[in-house]
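33 is the number of the first residue of the sequence shown in this note's numbering; add one for each residue after it. This report refers to the structure that appears directly beneath it.
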Amino acid sequence: MPETAEAEEVWARIVGAKRQAVQGECPECAGLTPERVVWEDEFWILSYTDGPEEMAASLLLQTREHTRVGQLDDDLASQFGRISNRLVRIIENLPESAHVDVSRYGAHRGHFHVWFFAPFMEGTFSPVNLHTVATKLANWGGEIRI
Numbered sequence: 033m034p035e036t037a038e039a040e041e042v043w044a045r046i047v048g049a050k051r052q053a054v055q056g057e058c059p060e061c062a063g064l065t066p067e068r069v070v071w072e073d074e075f076w077i078l079s080y081t082d083g084p085e086e087m088a089a090s091l092l093l094q095t096r097e098h099t100r101v102g103q104l105d106d107d108l109a110s111q112f113g114r115i116s117n118r119l120v121r122i123i124e125n126l127p128e129s130a131h132v133d134v135s136r137y138g139a140h141r142g143h144f145h146v147w148f149f150a151p152f153m154e155g156t157f158s159p160v161n162l163h164t165v166a167t168k169l170a171n172w173g174g175e176i177r178i
């Protein structure tokens, strides 16, 4: 929980963020940049973001369909658990990453999505090799896109 009024204000803006539709289209669908897609399958898209500069990786995993966390059917929920667990294991075993934080905020957007933030391993300032992440994740299915 934020400890200062300023932190509370920032937190409220992050959690309450809503993106406007672009010409009537879902903002996530309209704003998806194919060049940023790392890996995808029939149901999920993993893309990289311009995260904080102290991160070795800043990734976003989202559903293709318009849904929210409480609306995931059992198959999607199970897939999410497996993909997330594999993604954390992959990134945490790369030399650039100290660990992985998994976060969910901005719940009122069109697609269920979760952030994966990996700070640099001490003494390292190179980003995680995203092709390596995609290749390892694709061992269980899906397509490498980077």
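For glycine and all other residues, C-beta sits at the position ideal for the given N, C-alpha and C. Remember, it's a predicted structure, so these values are computed and weren't measured experimentally.
(Q) Quick check on E124: buried or exposed, where buried means 16 or more other Cβ atoms within 10 Å of its Cβ? (A) Counting every other CB atom within 10 Å of its CB across the protein chains shown gives E124 a total below 16, marking it as exposed.
Q | Same chain only: Cβ atoms within 7 angstroms of L104, ignoring 5 sequence neighbours per side | A | So the list reads F112, F144, once near-sequence residues are dropped.
Q. Along the chain, which unbroken stretches of the alpha helix (DSSP H) at least 4 residues long are found entirely within the region 62 to 133?
A. 106 to 124
Q) Should the region 118 to 136 be regarded as contacting the region 145 to 157, the criterion being three or more beta carbon pairs within less than 8 angstroms? A) yes
Q | Buried versus exposed, by CB contacts within 10 Å (16 or more), W172 | A | exposed
Q | Distance, V69 Cα to V120 Cα | A | Looking at the two C-alpha atoms, the distance is approximately 17 angstroms.
Q | Spatial neighbours of V54 in its chain, beta-carbon cut-off 8 angstroms, leaving aside the 5 residues before and after | A | Its pLDDT being 48, under 50, V54 is placed unreliably in this model, and the value from its coordinates should be taken loosely. A62, G63, listed in sequence order.
Q.
Tell me the rounded alpha-carbon separation between D106 and P151.
A. Using only the alpha carbons, I get a separation of about 31 angstroms.
Q. Should T65 be labelled buried (16 or more other beta-carbon atoms within 10 Å of its own) or exposed?
A. exposed
Q.
Taking a contact to mean a Cβ-Cβ separation below 8 angstroms, would you say A170 touches M153 in this structure?
A. no
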